[in-house]
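As numbered in our numbering, residues 193 to 392 make up the sequence shown, in order.
The beta-carbon is built from N, C-alpha and C at its ideal position, and this holds for glycine as well.
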Amino acid sequence: MIKDGELVIPGQELGTLEEYLPGENVYEVGGRIYSKVLGRVAVKDLMISVSPLKEIPRIKEGEVVIATVTEVKENIAIVEILAIEGKAYRSIASPIYTAAIPISQIANEFIKDIRMKLRTSDIVRAKVISTQRGIFLTVKPPDMGVINAFCSICRRPLRRVSGNTLRCDHCNTNETRKISELYGRYFIGGDKYGNNPRKI
Ligand SMILES: [Zn+2]
Numbered sequence: 193m194i195k196d197g198e199l200v201i202p203g204q205e206l207g208t209l210e211e212y213l214p215g216e217n218v219y220e221v222g223g224r225i226y227s228k229v230l231g232r233v234a235v236k237d238l239m240i241s242v243s244p245l246k247e248i249p250r251i252k253e254g255e256v257v258i259a260t261v262t263e264v265k266e267n268i269a270i271v272e273i274l275a276i277e278g279k280a281y282r283s284i285a286s287p288i289y290t291a292a293i294p295i296s297q298i299a300n301e302f303i304k305d306i307r308m309k310l311r312t313s314d315i316v317r318a319k320v321i322s323t324q325r326g327i328f329l330t331v332k333p334p335d336m337g338v339i340n341a342f343c344s345i346c347r348r349p350l351r352r353v354s355g356n357t358l359r360c361d362h363c364n365t366n367e368t369r370k371i372s373e374l375y376g377r378y379f380i381g382g383d384k385y386g387n388n389p390r391k392i
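Written out as structure tokens, the structure reads:
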């Protein structure tokens, strides 16, 4: 069960309607409540909300970031960085960082259509490869890539079925992504395998 003050990522399940009333920055699908934003859980009486975390520290090469895909072009995906792994609790005033994932940094194989790998509103775990002339990221390693994704039709969170295939049980549709091996079990507050989620 999620705890008050816990750090959560967009699309992370917070509980059910039987446990809580949905408050701010959360949404409800099929009786389950999910976070809309990266932030801290706030439980007051029975109301569950998430307070968005806006400030992130300076970004360096080699760091691992959590980002949301804001735009997908033919050869590049544009993302907004939500947090730097291991530093999410730091609070240094900073602008919102926009970064880019070139198509050559998405997978090892040839990519015919970038939208088979990344789509708008996907949450990705990515490594910073350059901060010169903009922030560039890679999602090639197995533990990098999409960690949460939403159905293109109904926006419900997608369930991983196998390999790079995700499924929406509501629409009965499959979609593909460059999926991280941490898909659906990543906790920003924990280590990369989601252990010790309250330890930084
Ligand atoms: Zn759907």
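Sorting I194, A259, N217 and G207 by C-alpha distance to the C-alpha of T330 places A259 at the top. In this structure, ligand 1 has a non-hydrogen atom nearer than 7 Å to the beta-carbon of T365. By the Cβ test, the region 288-303 is in contact with the region 316-334, since at least three Cβ pairs between them sit closer than 8 Å. Not one heavy atom of ligand 1 sits closer than 7 Å to the Cβ of R232.
At least one heavy atom of ligand 1 lies closer than 7 Å to the C-beta of R348. For A341, there is no enclosing beta strand (DSSP E), as DSSP marks it with neither H nor E. With contacts defined as CB atoms closer than 8 Å, V200 and V233 qualify as a contacting pair. Straight through space, the alpha carbons of N267 and G231 are spaced by roughly 31 Å. Take D196, set aside five residues on each side of it, and the residues of its chain with a beta-carbon closer than 7 Å to its own are V233, A234 and V235, in chain order.
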